[in-house]
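The structure under discussion appears below in the form of structure tokens.
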Amino acid sequence: MAQMTMIQAITNALHTELKNDENVLVFGEDVGQNGGVFRATEGLQEEFGEERVFDTPLAESGIIGLAVGMSTQGLRPVPEIQFFGFVFEAMDAVSGQAARMRYRSGGRWHAPMTIRSPFGGGVHTPELHADSLEGLMAQQPGLKVVIPSNPYDAKGLLIQSIRDNDPVIFLEHMKLYRSFREEVPEEEYTIDLGKANVKREGSDITFVAYGAMVHAALKAADELKEEGIEAEVIDLRTVAPVDIDTIIESVEKTNRAVVIQEAQKQAGIAASIVSEIQERAILHLEAPVLRVTAPDTVYPFSEAEEVWLPNHKDIVEKAKQSINF
Amino acid sequence: MSFKNPLEGIEEKFEMIQILDEDGQVVDEDNVPDLSDDDLVELMRRMVYTRVLDQRSIALNRQGRLGFYAPTAGQEASQLGSHFAMEKEDFLLPAYRDVPQLIFHGLPLYQAFLFSRGHYHGNQMPEDVNAVSPQIIIGAQITQAAGVAYGFKHNGKKNVALTYTGDGGASQGDFYEGINFAGAYKAPAIFVVQNNQFAISVPVEKQSAANTIAQKAAAAGVPGYLVDGMDVLAVYKIVKEARDRAVNGEGPTLIETMTYRYGPHTMAGDDPTRYRTDDMDDKWEKRDPLVRFRKYLEGKDLWSEEKENEIVETTKEEIKEAIKKADKQDKQKVTDLMSIMYDELPQNLEEQMEEYKEKESK
């Protein structure tokens with residue numbers, strides 16, 4: 430088995446599906462000869478040709494609109510938005526159009542596209558590169574939103590996303606692209622969308638996280654273990670739809686939960702999960718369900734981001750607050 | 138100033154193409170399209186049908202029997218002349234006023250009425266109809282047309298994507314993006330801008346410093362034509378040529394059809410007297426597409442009052458039947474909508490489906 434970074438696992442997944450299905454097309458700004466600004470599409474144009482892996486004009490709305498149109502012709506587009514903050518340029522094409530293809534055609538048309546995009550804080554990008562906008566996407570019926578936390582998941586989830594018959598927003602945290610390697614099989618495999626993964630079992634408190642925050646949660650769990658507190662860590666993998674059963678099963682066992690997201694606190698994924706937990710398991714709770722999030726400001730210029738971003742210490746603190754409630 | 142303004146001399150190139158003048162006289166013999174007598178009669182039949190449908194739709198809307206409706210009178214040549222150049226397998230991406238083209242592309246009339254009422258079956262194109270339902274977001278269909286066209290090219294099909302927008306739509310970013318993408322990929326797309334002079338109430342002069350919309354194609358390296366949108370032969374001819382070029386691999390075309398809507402923007406309370414004058418209405422009505430083409434056909438002995446009356450009557454009859462059929466359609470349910478959100482129901486909708494099945498059973 431090969432050791433791969435997350436970016437390599439993503440390239441590997443794209444390669445797998447380009448090879449498996451001639452209707453898969455990969456395109457976006459700089460994804461052709463340049464292989465993408467993060468090299469996610471490195472070598473793909475060379476192998477699969479300019480008809481299937483290609484550069485687009487620099488216009489995000491045009492890119493997603495193109496993908497919507499292609500969907501009616503039996504194609505399976507995998508467009509890239511170069512940084513997810515640029516999706517604002519394409520919000521109608523994503524939410525107003527792609528997400529509504531089945532609805533606005535009474536089921537005649539659908540949009541089996543996977544929109545890949547880097548996002549996430551901590552890598553000193555300029556404005557509107559790092560923002561966690563998954564909450565906006567998750568609020569749009571018709572979309573699925575997937576956020577892998579590691580190379581193995583990235584490959585299996587991306588292959589499954591491309592095969593999915595509905596539009597999937599596939600968000601790749603930039604800090605995870607090359608931060609570590611792990612074993613990733615060369616052969617194809619898939620991971621179901623909408624299924625969470627229990628990364629660490631524990632009996633005292635449940636941490637629900639996704640993307641880079643999974644690693645912060647695992648680190649917090651390690652620290653808490655030294656104090657005799659066993660935290661269970663759930664990696665959501667898909668934030669829309671959320672695997673609520675896995676969360677509830679865990680909370681019924683631990684009776685406490687902290688929901689962690691890199692995004693701002695207001696509205697969003699964590700808020701929704703807190704609601705689901707209290708609707709379904711309030712009698713199992715020993716303490717209020719708490720959140721660890723960024724504050725309700727826009728994502729700051731890079732100098733302030735270390736303070737702004739939630740980290741494992743914040744999680745430890747909230748966990749203790751819950752346990753001492 | 139020592140440099141010549143590069144715009145000088147460019148705008149004059151976008152002259153309005155006309156084949157039939159306002160009196161139905163041929164002014165450009167060389168460009169009269171090669172259409173059979175049957176085709177000519179069919180074109181007129183479609184325009185009469187659409188005029189009658191418009192009158193009836195407005196009446197039905199006032200009686201509360203139709204919902205959303207955007208009147209079409211005045212734009213028949215622009216709408217049906219352009220559509221007449223399409224083949225059945227070509228893909229249509231209409232805007233909300235372009236229901237007549239959808240009907241002639243194969244959407245049954247009762248479904249067009251259901252669309253007006255907001256019933257999802259109205260958006261459900263039959264299997265053999267290559268079209269999406271009318272777009273509400275101004276310009277969103279233009280980038281999609283580039284994608285459909287890319288698909289045709291990629292799959293080696295000799296077909297085109299044809300999309301419509303209005304003069305207001307030409308101000309959208311998506312307008313330029315769609316044309317530019319299609320141009321960059323030499324994709325077989327045709328972009329028809331029906332310039333009916335007003336985006337709801339804002340006149341085209343206030344939309345842009347450009348004298349024509351056709352010239353906007355030049356910025357994307359795509360041919361742009363300005364055509365008399367009340368001259369059905371000119372509209373057909375220019376779209377047919379664009380289609381021929383597109384399927385020959387020569388890329389997309391932008392076509393601006395100069396036209397006018399006699400009615401309000403939609404039947405939802407727009408009052409055109411707030412932004413138009415009677416003089417303006419009179420001036421455009423003198424250019425009426427039906428009057429002009431009727432004279433042309435009468436000159437060729439292909440049309441008569443009797444024939445027209447017969448078409449008016451059969452159309453009214455067809456409308457009556459279609460409304461009856463639309464009335465018989467089962468009311469749409471929330472559970473129907475739930476079932477067409479995704480390929481497979483996600484957990485949240487599965488739960489809500491149970492909840493609404495219960496509600497709907499009461």
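Residue numbers (our numbering), protein chains in the order written: chain A, 430 to 754; chain B, 138 to 499. We put the beta carbon where it would ideally sit given N, CA and C, even for glycine.
Which of helix, strand or coil does DSSP assign to residue i?
{"i": "Ser546 (chain A)", "result": "strand"}
{"i": "His602 (chain A)", "result": "strand"}
{"i": "Tyr301 (chain B)", "result": "strand"}
{"i": "Ala321 (chain B)", "result": "helix"}
{"i": "Ile711 (chain A)", "result": "helix"}
{"i": "Ile327 (chain B)", "result": "strand"}
{"i": "Pro389 (chain B)", "result": "coil"}
{"i": "Phe636 (chain A)", "result": "strand"}
{"i": "Arg720 (chain A)", "result": "strand"}
{"i": "Thr349 (chain B)", "result": "coil"}
{"i": "Asp467 (chain B)", "result": "coil"}
{"i": "Asn292 (chain B)", "result": "coil"}
{"i": "Trp189 (chain B)", "result": "The amino acid occupying residue 189 (chain B) in the given sequence is Val; Trp does not appear at that position. Reduced to three states, the DSSP call for Val189 (chain B) is helix."}
{"i": "Val662 (chain A)", "result": "strand"}
{"i": "Met499 (chain A)", "result": "helix"}
{"i": "Glu509 (chain A)", "result": "strand"}
{"i": "Lys573 (chain A)", "result": "strand"}
{"i": "Phe335 (chain B)", "result": "strand"}
{"i": "Pro409 (chain B)", "result": "helix"}
{"i": "Pro340 (chain B)", "result": "strand"}
Where does residue i land, buried or exposed, given buried means 16+ other C-beta within 10 angstroms?
{"i": "Met566 (chain A)", "result": "buried"}
{"i": "Ala232 (chain B)", "result": "buried"}
{"i": "Met530 (chain A)", "result": "buried"}
{"i": "Ile273 (chain B)", "result": "exposed"}
{"i": "Met430 (chain A)", "result": "exposed"}
{"i": "Glu616 (chain A)", "result": "exposed"}
{"i": "Ala692 (chain A)", "result": "buried"}
{"i": "Phe636 (chain A)", "result": "buried"}
With residue i as the anchor, note down where its beta strand (DSSP E) starts and where it stops.
{"i": "Val369 (chain B)", "result": "It is not in any beta strand (DSSP E) - Val369 (chain B) instead sits in the alpha helix (DSSP H) that spans Val369 to Val384."}
{"i": "Val359 (chain B)", "result": "It is not in any beta strand (DSSP E) - Val359 (chain B) carries neither H nor E in the DSSP assignment."}
{"i": "Gly457 (chain A)", "result": "Val453 to Gly457"}
{"i": "Asp484 (chain A)", "result": "Val482 to Asp484"}
{"i": "Gln155 (chain B)", "result": "Here Gln155 (chain B) belongs to no beta strand (DSSP E), and DSSP marks it neither H nor E."}
{"i": "Asn441 (chain A)", "result": "Note, Asn441 (chain A): premise wrong, no beta strand (DSSP E); alpha helix (DSSP H) at Met435 to Asn449."}
{"i": "Leu230 (chain B)", "result": "Phe228 to Leu230"}
{"i": "Lys628 (chain A)", "result": "Asn626 to Arg629"}
{"i": "Ile689 (chain A)", "result": "Ala686 to Gln693"}
Starting from residue i, follow the alpha helix (DSSP H) in both directions and report where the run begins and ends.
{"i": "Glu495 (chain B)", "result": "Gln484 to Ser498"}
{"i": "Phe754 (chain A)", "result": "From DSSP, Phe754 (chain A) is part of no alpha helix (DSSP H); its letter is neither H nor E."}
{"i": "Thr619 (chain A)", "result": "Where Thr619 (chain A) is concerned, there is no enclosing alpha helix (DSSP H), given that its DSSP letter is neither H nor E."}
{"i": "Val680 (chain A)", "result": "Ile673 to Thr683"}
{"i": "Ala649 (chain A)", "result": "Met642 to Glu655"}
{"i": "Val428 (chain B)", "result": "Pro426 to Gly436"}
{"i": "Lys552 (chain A)", "result": "Looking at the sequence shown, residue 552 (chain A) is not Lys but Val. Run containing Val552 (chain A): none; DSSP gives neither H nor E here."}
Which residues in the same chain have their Cβ closer than 8 Å to the Cβ of residue i, if we skip the five residues on either side of it in sequence?
{"i": "Ile439 (chain A)", "result": "Ala469, Arg545, Ala583, Lys584, Leu587 and Glu601"}
{"i": "Val285 (chain B)", "result": "Phe228, Leu230, Ala298 and Ala326"}
{"i": "Gln462 (chain A)", "result": "Gln474 and Asp484"}
{"i": "Gln344 (chain B)", "result": "Asp304, Gly305, Ala307, Ser308 and Ala336"}
{"i": "Glu518 (chain A)", "result": "Ala488, Glu489 and Ser490"}
Below 7 Å CB to CB, which residues in the same chain sit around residue i once its five sequence neighbours on both sides are set aside?
{"i": "His553 (chain A)", "result": "Ser731"}
{"i": "Asp311 (chain B)", "result": "Gly276, Ala277, Ile279 and Thr280"}
{"i": "Asn198 (chain B)", "result": "Tyr206 and Met404"}
{"i": "Pro729 (chain A)", "result": "Trp737"}
{"i": "Gln589 (chain A)", "result": "Thr619, Ile620, Asp621 and Leu622"}
{"i": "Asn168 (chain B)", "result": "Ile156 and Lys374"}
Starting from the C-beta of residue i, find all residues in its chain whose C-beta is less than 6 Å away, skip the five residues before and the five after it, and write them out in chain order.
{"i": "Gly204 (chain B)", "result": "Ser253, Arg254 and Gly255"}
{"i": "Arg193 (chain B)", "result": "Ile456"}
Q. On the three-pair Cβ rule with 8 Å, is the region 378 to 397 of chain B touching the region 172 to 189 of chain B?
A. no
Q) When Cβ atoms are compared, which residues of the region 492 to 513 of chain A fall closer than 9 Å to chain E? A) No chain E appears in the structure shown, which is made up of the protein chains A and B.
Q: Decide if the region 398 to 414 of chain B is in contact with the region 335 to 354 of chain B; the criterion is three or more beta carbon pairs, one per stretch, under 8 Å apart.
A: yes
Q) Within the chosen definition, does the region 532 to 548 of chain A reach the region 593 to 610 of chain A through at least 3 CB pairs nearer than 8 Å? A) yes
Q: May I ask you to verify whether the region 356 to 368 of chain B touches the region 152 to 164 of chain B, counting CB pairs closer than 8 Å and requiring at least 3?
A: yes
Q) For the region 658 to 665 of chain A against the region 631 to 648 of chain A, are there 3 or more C-beta pairs whose distance is under 8 Å? A) yes
Q: Determine contact between the region 439 to 451 of chain A and the region 489 to 500 of chain A, defined as no fewer than three beta-carbon pairs at a distance below 8 Å.
A: no
**Q.** Cβ contact check for the region 743 to 751 of chain A and the region 711 to 721 of chain A: 3 or more pairs under 8 Å
**A.** yes
**Q.** Segment contact, 8 Å Cβ cut-off, at least three pairs: the region 447 to 456 of chain A with the region 506 to 524 of chain A
**A.** yes
Q) Between the region 680 to 688 of chain A and the region 698 to 710 of chain A, do at least 3 Cβ pairs fall closer than 8 Å? A) yes
Q. Is there contact here, the region 345 to 361 of chain B with the region 156 to 176 of chain B, by at least three beta-carbon pairs under 8 Å?
A. no
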